[in-house]
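Enquirer:
Residue numbers (the UniProt record's numbering): 1 to 38.
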């Protein structure tokens, strides 16, 4: 049986900063902004 990878999760202490980094790196705009609280 061959395994399949369906999801990849990148955990970080500041997701907004990471999203901003990749947004700048790839030249793409942020499409979602985190709202405060759950």
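Glycine included, C-beta positions come from ideal geometry on N, C-alpha and C. Keep in mind the model is a prediction, meaning the values are calculated, not measured.
Beta-carbon separation of residue 19 and residue 30 under 7 Å?
Expert: The residue you call residue 19 lines up with position 19 of the chain shown. The residue you call residue 30 lines up with position 30 of the chain shown. Going by C-beta atoms, residue 19 is nearer than 7 Å to residue 30.
Enquirer: With H, G and I counted as helix, E and B as strand and the rest as coil, what does DSSP make of residue 24?
Expert: In the chain shown, counting from the first residue as 1, residue 24 sits at position 24. It is helical.
Enquirer: Rounded to whole angstroms, what's the CA-CA distance from residue 13 to residue 28? Just pull it up for me.
Expert: Looking up residue 13 in the chain shown gives position 13. Looking up residue 28 in the chain shown gives position 28. Between residue 13 and residue 28, the C-alpha separation is close to 22 Å.
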